[in-house]
Amino acid sequence: MAEGNVEIITELKNDVQELEKILSSVIRSNVRQIIVQSISSLKSQIEKLEAEKAKVQAASKAPSDEKSSNKPIYTVKISTYGFDESSKFVKIYVSIKNVEKIKDDQIIFETTETSMKMTVQNHMDRHHVLHIQRLAHPINTTACTCKVKAGNIVIALRKAEDGQTWGGMTEAQRKDKEAKDSKFSSSTPSDANEDPQAGIMNLMKKMYDDGDDDMKRMIKKTWYESSQKQGGAGAGGMPGMPGMPGMPGMPGL
């Protein structure tokens, strides 16, 4: 690799560091997005130049018969990993065979405010890549690390907001969890002092409105029999079904 390209990589890295410092103090979302895109573009250029550098270095060290074989190196996507979090960090644990043989210069670690990418170059004739394009929440890119430790590659992502619970690594996982939590909370009383009987009435009405003809008949029959036992409406019908507003009456069974 030419000396000039080495200087270019150094300059690009300095640019990235400067932009990341600026990013931490920017408030306007449009400006932040512009800076994040610029950082991502610069990191892509650095990755390409460093890949070329690694290729040249590997070629210069390889035996003559290995050079002539021109054996391709395939890329393997990492799809399984461990995950845990604390109030400040989210940690990812990646297990790769013979991980102890991986050297620091084989690992390329890239982050933006909303994404991360870790590449292990030329390990066991493969490039191993873990790329999460949309993280569950923003991160502080200047305080993230990636190291080989205790039989794993440990990636530590610094949360942009201390104490924030992620519950998962990706934006999709976060939204799915929020949807499930919202559905659960909407099906339970919002007020601890709310009348439990009113909650049951609302639930039965929803089941009635959403149900098919068999469900409607079953609910009417159950309500009728319960009312009869309690001395409620007679066999002639239950206009409007008391306590269940909007539900059609029960004109006989």
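Sequence positions in the sequence shown follow numbering that gives the first Met the number 0 and run 0 to 252.
C-beta atoms are modelled at their ideal positions from N, C-alpha and C, and glycine is treated no differently.
Note that this is a predicted model, so its numbers are computed, not measured.
Measure how close the beta-carbons of Met117 and Asn97 come, nearest whole angstrom, since I'm counting them as under 8 Å.
Your numbering for residue 117 matches position 118 in the sequence shown. Your numbering for residue 97 matches position 98 in the sequence shown. Actually they do not touch by this definition, with Cβ atoms about 17 Å apart.
In whole angstroms, what is the alpha-carbon distance linking Thr110 and Lys54?
The residue given as residue 110 occupies position 111 in the sequence shown. The residue given as residue 54 occupies position 55 in the sequence shown. Thr110 and Lys54: Cα-Cα distance of roughly 23 Å.
Checking 8 Å against the spacing of the C-beta atoms, do Ile34 and Leu48 come in under that value?
As a working mapping, residue 34 is identified with position 35 in the sequence shown. As a working mapping, residue 48 is identified with position 49 in the sequence shown. The answer is no: Cβ separation not under 8 Å.
Alpha carbon of Lys42 to alpha carbon of Val119, nearest angstrom:
Counting from one through the sequence shown, the residue named residue 42 turns up at place 43. Counting from one through the sequence shown, the residue named residue 119 turns up at place 120. Whole-angstrom Cα-Cα distance: 16 Å.
I'd like to confirm the pairing. Which residues does DSSP put opposite Met117 in its beta bridges?
The count along the sequence shown starts at 1 and reaches residue 117 at position 118. As a beta-bridge residue in DSSP terms, Met117 pairs with Phe108, Leu129.
In this structure, how does DSSP classify Pro83 when only helix, strand and coil are distinguished?
Here residue 83 is taken as the residue at index 84 of the sequence shown, counted from 1. Looking at the sequence provided, one finds Asp at residue 83 rather than Pro. Note: Asp83 maps to strand in three-state DSSP.
Where does Thr169 fall in DSSP's three states?
Here the question's residue 169 lines up with position 170 in the sequence shown. If DSSP states are grouped into helix, strand and coil, Thr169 belongs with the strands.
Rounded C-beta distance between Met206 and Met214? I'm assuming under 8 Å.
Here residue 206 refers to the residue found at position 207 of the sequence shown. Here residue 214 refers to the residue found at position 215 of the sequence shown. Contact flag correct, Cβ pair sits at about 7 Å.
With distances taken between CB atoms, is the gap from Val89 to Arg125 smaller than 8 Å?
Taking the sequence shown and counting its residues from 1, one reaches residue 89 at position 90. Taking the sequence shown and counting its residues from 1, one reaches residue 125 at position 126. Cβ atoms of Val89 and Arg125: not closer than 8 Å.
Pick helix, strand or coil for Glu65, following the three-state DSSP scheme.
Counted from its first residue, the sequence shown places residue 65 at position 66. Bear in mind that the predicted position of Glu65 carries a pLDDT of just 46, short of 50, making it too unreliable to give a figure here.
Based on DSSP bridge pairs, tell me the residues matched to Thr144.
Here residue 144 refers to the residue found at position 145 when the sequence shown is read from its first residue. Answer is Ala155.
Taking the alpha-carbon positions, what's the Ser86 to Thr169 distance?
Working through the sequence shown from its first residue, we reach residue 86 at position 87. Working through the sequence shown from its first residue, we reach residue 169 at position 170. In this model, Ser86 and Thr169 are separated by some 17 Å (Cα to Cα).
Reference Val128, options Ser181, Tyr73, Asp208, closest by Cα
Reading the sequence shown from its first residue, position 129 is the one you call residue 128. Residue Tyr73 holds the alpha-carbon nearest to the alpha-carbon of Val128 among Ser181, Tyr73, Asp208.
With distances taken between CB atoms, is the gap from Ala142 to Arg157 smaller than 8 Å?
Position 143 of the sequence shown, counted from the first residue, corresponds to residue 142. Position 158 of the sequence shown, counted from the first residue, corresponds to residue 157. Contact: yes.
So, at 7 Å on beta carbons, what are the nonlocal neighbours of Lys100 in its own chain, with the 5 sequence-adjacent residues on each side left out?
Within the sequence shown, residue 100 is the residue found at index 101, counting from 1. The beta carbon of Lys100 lies closer than 7 Å to none in the same chain, with the five residues before and after it left out.
Using a Cβ cut-off of 8 Å (strictly closer), state whether Asn121 contacts chain C.
Structure shown: chain C not included; a single protein chain is present.
Taking 7 Å as the limit between beta carbons, can you name the residues of its chain near Ile7, skipping five residues before and five after?
For this step, residue 7 is matched to residue 8 along the sequence shown. Taken in chain order, the residues that qualify are Leu48.
Would the beta-carbon of Lys176 fall within 8 Å of that of Gly166?
Indexing the sequence shown from 1 puts residue 176 at position 177. Indexing the sequence shown from 1 puts residue 166 at position 167. Their beta carbons are under 8 Å apart, which means Lys176 touches Gly166 by this criterion.
Rounded to the nearest angstrom, what separates Leu11 and Ile45 at their Cα positions?
Indexing the sequence shown from 1 puts residue 11 at position 12. Indexing the sequence shown from 1 puts residue 45 at position 46. One C-alpha to the other measures close to 7 Å.
When the Cα atoms are used, what is the spatial distance from Asp209 to Arg173?
Sequence index remark: in the sequence shown, residue 209 carries index 210 (1-based). Sequence index remark: in the sequence shown, residue 173 carries index 174 (1-based). Their Cα atoms are separated by approximately 28 Å.
Taking the alpha-carbon of Asp103 as reference, which of Thr113, Asn121, Glu112 has the nearest alpha-carbon?
Here residue 103 refers to the residue found at position 104 when the sequence shown is read from its first residue. Restricting attention to Thr113, Asn121, Glu112, the CA atom closest to the CA of Asp103 is found in Asn121.
So Thr261 and Ala155 are in contact, right, with Cβ under 8 Å, and what is the actual spacing, rounded?
Any question about residue 261 goes unanswered here, given that the chain covers just 0 to 252.
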